[in-house]
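Student: Just dropping this structure here.
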Amino acid sequence: MNPLKSDEYPAIFNDYIETITGDVMEELNDQIETFPEFIASIPEELGSFSYADGKWTIKEVLCHILDCERIMTYRALRFGRNDMTALSPFEQDEFVANGRHNERKLADIAEEFIHLRKANMYLFNSFDETELNRKGMASDRLISVRAFLYIIAGHLNHHVIILKARYLKDQKLNDDVV
C-alpha cells in the first residue's frame with residue numbers, strides 16, 4: 001500500500017497517525033493478537049476503574065475503541081464504494097454513556113474485538129488503490145479511505161498508551177504484554 005500523504009486527512013488525526021511507524025496493514029493485523037493480549041493482562045476487578053472523576057473507565061475506553069472502529073470502517077466503506085454523501089459526526093460521550101460497558105466482561109470485549117477486526121480486514125484487503133485514494137467529507141473534514149485505516153490502527157494505539165500511562169501505571173501487570 002502506498003504511504004499516507006498529509007493531504008489525505010485533517011491534522012486533528014496527527015496523534016493517531018504518528019503511532020503507525022510501519023506498514024498499516026501489518027499493524028492492523030498485529031493488533032488482532034496484541035490488543036486482546038493487552039486486555040487479558042488487565043484484572044477484571046480493574047475494568048470499572050477510572051483514574052479521575054468524570055473520566056471513562058477502562059471498559060468504557062475499550063468499548064469506545066470498538067465503537068470508533070465500527071464508525072470509521074463504515075465511513076471507509078461508504079467512500080470506498082464512491083458514495084460521497086457527507087457523513088455526520090458522532091458524539092463519543094453519548095456512545096459511552098449509553099453503552100452499558102461496565103456490565104461487560106473484559107474477555108468478552110477482547111473476543112468481540114477479534115471478530116470485529118477480522119471482519120474489517122476482509123473489507124480493508126478488498127480495497128484497491130482507486131478505492132483507497134477516494135476522499136469524502138466526514139465530520140466536516142475531507143478524508144481518504146486510506147487515512148481511515150491509519151486512524152483505526154492509530155486510535156487503538158493512542159488509547160493503549162493512555163491506558164498504560166493513566167490507568168495501569170501503578171498496577172502489577174505482565175510487562176511482556178503491557
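Using full-length UniProt numbering, you'd call the opening residue of the sequence shown number 1 and step up by one each time.
C-beta atoms are modelled at their ideal positions from N, C-alpha and C, and glycine is treated no differently.
1. When DSSP builds the beta bridges, which residues end up paired with Ser144?
2. From this set, Ile65, His101 and Arg78, which residue's C-alpha is nearest Phe49's C-alpha?
3. Check the DSSP bridge columns for Leu163 and list the partner residues they point to.
4. Hey, how far is the Cα of Ile20 from the Cα of Tyr150?
5. Just mark Thr85 as buried or exposed, buried being the case when its beta carbon has 16 or more other beta carbons within 10 Å.
6. On the DSSP bridge assignment, give the partners of Leu87 in chain order.
7. Taking a contact to mean a Cβ-Cβ separation below 7 Å, would you say Arg75 touches Leu87 in this structure?
8. Are there 16 or more other CB atoms within 10 angstroms of the CB of Lys59, so buried, or fewer, so exposed?
9. DSSP state of Asn98, grouped into three classes?
10. So, is the C-beta of Val24 closer than 7 Å to a C-beta in chain B?
11. When burial is assigned at 16 or more other CB atoms within 10 Å of the CB, is Pro36 buried or exposed?
12. Which same chain residues, not among the five before or five after Arg166, have their C-beta less than 7 Å away from its C-beta?
13. Check for me: the alpha helix (DSSP H) holding Leu123 runs from which residue to which?
14. Contact between the region 11–18 and the region 141–157: three or more CB pairs below 8 Å?
15. Please confirm whether Ala153 and Leu28 have their CB atoms less than 7 Å apart.
Tutor: In this structure, then:
1. As a first step, residue 144 must be located in the sequence shown, where it is residue number 144. Lys135, per the DSSP bridge assignment.
2. Taking the first residue of the sequence shown as position 1, residue 49 is located at position 49. Of the listed residues, the one whose Cα sits closest to Phe49 is His101.
3. One-based indexing of the sequence shown puts residue 163 at position 163. Per DSSP, none; premise fails for Leu163.
4. The residue given as residue 20 occupies position 20 in the sequence shown. The residue given as residue 150 occupies position 150 in the sequence shown. So the alpha carbons of these two residues sit roughly 7 Å apart.
5. Along the sequence shown, read from residue 1 onward, the residue named residue 85 stands at position 85. Under this definition Thr85 is an exposed residue.
6. The residue labelled residue 87 in the question sits at position 87 within the sequence shown. Beta-bridge pairing links Leu87 to Ala138.
7. Along the sequence shown, read from residue 1 onward, the residue named residue 75 stands at position 75. Along the sequence shown, read from residue 1 onward, the residue named residue 87 stands at position 87. The answer is yes: Cβ separation under 7 Å.
8. As a first step, residue 59 must be located in the sequence shown, where it is residue number 59. With 16 or more Cβ atoms within 10 Å of its Cβ, Lys59 is classed as buried.
9. Here residue 98 refers to the residue found at position 98 when the sequence shown is read from its first residue. Correct three-state label for Asn98: coil.
10. Within the model displayed, chain B is absent; a lone protein chain is all it includes.
11. Working through the sequence shown from its first residue, we reach residue 36 at position 36. With 16 or more Cβ atoms within 10 Å of its Cβ, Pro36 is classed as buried.
12. The sequence position of residue 166 within the sequence shown is 166, counting from 1. Same-chain partners within the cutoff: Tyr51.
13. Taking the sequence shown and counting its residues from 1, the one referred to as residue 123 is at position 123. It spans Leu106 to Ser126 - the alpha helix (DSSP H) in which Leu123 sits, taken as one unbroken run.
14. yes
15. Within the sequence shown, the letter at position 153 stands for residue 153. Within the sequence shown, the letter at position 28 stands for residue 28. Yes, the pair counts as a contact, with Cβ atoms nearer than the cut-off.
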